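Student: Quick note: the sequence shown uses the working numbering, first residue 2, plus one each step.
For glycine and all other residues, C-beta sits at the position ideal for the given N, C-alpha and C.
Treat the numbers as computed from the prediction; the structure is a model and nothing was measured.
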Amino acid sequence: MSGTSAASHRPSKPSPPPHAPRRLALNLTTPLAPLALLLLAAAAVFLYSLTSARPYESGGEAPPLSTPTVETIGGARAIWELPAAAPARAVLFVAHGCRCRPENFWPPSSRCPGCVGLPEDVAITGRALRRRFAVLTVASARECWSPGKEVNGAERVIRSWAAENGLEGLPIAALGASSGGYFVSRLAAKMSLAAVVIMIAEGAFGAQPPTVYPPTMFIHMPKDRRRAVLLERNSKMLMKNGVEVKELQSLELPLTPTLLSERIPGLERGVSERIWTAFREEGFVDEKGYMKEDGRATPWKDALVKRGFWKEVSPWADHIQEELNLSYGTAVKHGRTSPPTTEDAVAAPLRAGLDLDCGSFLAQYTEAAVAVRKVSDADVDAALVNTVTVQMRLGMFDGDPAAGPFGHLGPGTCARPRPRSWRSRRRGWASCC
């Protein structure tokens, strides 16, 4: 995960053995440990509510659910937020990576004007809040976390903050990436945690394995082979000591014309398509859309300067860089990943041409997928047209309409009290009669 310095905005040139931890690729069908599921792979949406899913603009107002508190706790700069819908049922402590900061985990707002809102970080915060986790992030004293005094300090901050906000007695989980991953692995040996999630790090456990340790999930990118070997060693050590361990692999994903606009709230689709065109013309991606090199080794900023639209893109430079690192599937400079959601599972089949009359899954989650911009109105309209067309060809509308399976349809079925124009009806069958 990249930092947010001004300089970053300037252009620049075989099968596992039986004892191995359970290794999970990012998918929506693999069962995970319950708490890790709540934290990382549960069906959830970004920070935006279903009724007001508006992308935040740089320097603009955040969505209603973004109500973080910025304060100093125990001498450390902290940002935190409580779930809005109902009382918290658990606490999530998040430790950032080197040269990163708590402001990356919330979009800019009047309550946090200095917040940056990197997309993968905001997704983690948003999902945790949706799952009724109270979220706390704290800044490290230096660029990276220290595994010594800062561990004791973090424990004091977490406990005092929990007591101040009526959260005492709730389960506490910790999540950290890169330097933060090493840090939370030490924190888990110091204080009682319900679970620990170690991202882009193999953890730091010392010569002696911990006698008591919480359920642990490692999230890493398999292209980083050296870290994968170290991670497997530590996983075996923990399991030998009776600790439940899960492993989640973050795989590379192809860069598509709309990937950046889909994952970065506020980035317009047209800009995303122009960036993708530049990448293709410059040979930054292969024929399948996969990045040939990691994002930091790719001179993509120079390519956009050459095409004359760097100024338009520069406010999103750090956000784009984070997604490029994720797309390549490596942990170069502390990449961070958020797992797929049910909204992703809705988007993939709809865009592939699946119709709407397919079980209950789409009926349950399509509205949420539209709200978080994973699925467009046009995608839903196309699927609905496909469904009705097939039904017509099958003769389901033949004969007396009142005697058929759709005879109950009438004005009361419409979503709008007044019919739209015929052209509007053709574009939005589900909205009018």
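Does DSSP put H221 in a helix, a strand or coil?
Tutor: H221: strand per DSSP, three-state reduction.
Student: Which of the three DSSP states is assigned to L36 in this structure?
Tutor: Note on L36: pLDDT 45, under 50, position unreliable in the model; no value is reported.
Student: Any chance the segment 171-182 sits against the segment 195-212, with 3 or more Cβ pairs inside 8 Å?
Tutor: Yes: at least three Cβ pairs fall under 8 Å.
Student: Decide yes or no for the touch test of the segment 150-168 against the segment 114-130: beta carbon pairs closer than 8 Å, at least 3 of them.
Tutor: The answer is no - the segment 114-130 does not touch the segment 150-168, with fewer than three Cβ pairs under 8 Å.
Student: Please go through the same chain and pick out, in chain order, the residues whose beta-carbon is closer than 6 Å to the beta-carbon of T138, but skip the five residues on each side of it.
Tutor: Result list for T138: I80, V95, P103, F106, in chain order.
Student: For A403, collect the residues of the same chain with a Cβ closer than 7 Å to its Cβ; drop the 5 residues on either side in sequence, then sort them by chain order.
Tutor: No residues qualify anywhere along the chain.
Student: Give every residue of the same chain whose Cβ lies closer than 7 Å to the Cβ of A87, excluding the five residues on either side of it in the sequence, and list them in chain order.
Tutor: Same-chain partners within the cutoff: R133.
Student: Residue range of the beta strand (DSSP E) that V198 falls in?
Tutor: Unbroken beta strand (DSSP E) run through V198: 196-200.
Student: Chain C beta carbons: is any one of them nearer than 9 Å to that of E72?
Tutor: Among the chains in the structure shown there is no chain C, since it carries only a single protein chain.
Student: Please name the residue, chosen from A279, G154, K150, that lies closest to W311 on a Cα-to-Cα basis.
Tutor: Here the closest residue by C-alpha is A279.
Student: Can the beta-carbon of A174 be found closer than 9 Å to that of A196?
Tutor: Their beta carbons are under 9 Å apart, which means A174 touches A196 by this criterion.
Student: Is L363 helix, strand or coil when you go by DSSP?
Tutor: Correct three-state label for L363: helix.
Student: Rounded to the nearest angstrom, what separates K224 and R297 at their Cα positions?
Tutor: Cα-Cα distance, rounded: 15 Å.
Student: Which runs of the alpha helix (DSSP H) at least 4 residues long sit entirely within the segment 263-332? Give them in chain order.
Tutor: With a minimum length of 4 residues, the continuous alpha helix (DSSP H) runs that stay inside the segment 263-332 are 270-283, 301-307, 311-314, 318-329.
Student: Would T73 and R112 qualify as a contact pair, given that the criterion is a beta-carbon distance under 9 Å?
Tutor: Their beta carbons are not under 9 Å apart, which means T73 does not touch R112 by this criterion.
Student: Using only CA atoms, which one of G243, P108, E169, P114 lies nearest to T126?
Tutor: The shortest Cα separation from T126 among G243, P108, E169, P114 belongs to P108.
Student: Let me make sure I understand the geometry here. Which of R90, P114, A124, R78 has the alpha-carbon closest to that of I265?
Tutor: For I265, the nearest C-alpha among the options comes from A124.
Student: Would you mind stating whether Y291 and L260 have Cβ atoms separated by less than 9 Å?
Tutor: Taking 9 Å as the Cβ cut-off, Y291 and L260 do not qualify as a contacting pair.
Student: With H, G and I counted as helix, E and B as strand and the rest as coil, what does DSSP make of V71?
Tutor: In the structure shown, V71 sits in a strand (DSSP, three-state: E or B).
Student: Touching or not, the segment 270-289 and the segment 298-308, by the rule of three or more beta carbon pairs under 8 Å?
Tutor: Result yes; three or more Cβ-Cβ pairs closer than 8 Å.
Student: Along the chain, where does the beta strand (DSSP E) that runs through G177 open and close?
Tutor: Note, G177: beta strand (DSSP E), 173-178.
Student: When you compare each of A140, L254, R78 to E294 by their alpha carbons, which one comes out closest?
Tutor: Of A140, L254, R78, the residue nearest in Cα terms is L254.
Student: So the candidates are L355, V389, Q322, V136; which of them puts its Cα closest to the Cα of A85?
Tutor: Comparing Cα positions, the closest option is V136.
Student: Might you give, ordered along the chain, the residues of its own chain that have their beta carbon closer than 7 Å to the beta carbon of P350, omitting 5 neighbours on each side?
Tutor: No residues qualify anywhere along the chain.
Student: Hey, quick one: how far does the alpha helix (DSSP H) through T390 stretch, first residue to last?
Tutor: Segment 378-394, the alpha helix (DSSP H) holding T390.
Student: If we ignore side chains and look at the alpha-carbon of each, how far apart do R143 and A346 end up?
Tutor: Taking the straight line from one Cα to the other gives about 40 Å.
Student: Going by the beta-carbon positions, is the gap between V198 and L176 smaller than 9 Å?
Tutor: Closer than 9 Å, so yes.
Student: What does the Cβ neighbour count give for S193, buried or exposed, with the cut at 16 atoms within 10 Å?
Tutor: Burial call: exposed.
Student: Does the distance from the CB of E1 to the CB of P210 come in under 9 Å?
Tutor: What is shown of the chain runs 2 to 434, which leaves residue 1 out entirely.
Student: What residues in its chain sit with their C-beta under 8 Å from that of N242, if we drop five residues either side in the sequence?
Tutor: These residues qualify, in order along the chain: P210, P211, T212, Y214.
Student: Decide if L305 is buried, meaning its Cβ has at least 16 other Cβ atoms within 10 Å, or exposed.
Tutor: Buried, by the Cβ-count rule.
Student: Output the distance between the C-alpha atoms of G76 and C101, rounded to the nearest integer angstrom.
Tutor: Cα-Cα distance, rounded: 18 Å.
Student: Please look up how many angstroms separate the CB atoms of E121 and E323, rounded, as I've assumed it's under 8 Å.
Tutor: Confirmed, Cβ separation roughly 6 Å.
Student: Taking S186 as the reference, give the member of S262, A163, E165, P148 with the closest Cα.
Tutor: Of S262, A163, E165, P148, the residue nearest in Cα terms is P148.
Student: At which residues does the alpha helix (DSSP H) containing E165 begin and terminate?
Tutor: Start and end: 150-165.
Student: Taking the beta carbon of E165 as the centre, do at least 16 other beta carbons fall within 10 Å, making it buried, or is it exposed?
Tutor: Exposed: under 16 other Cβ atoms inside 10 Å.
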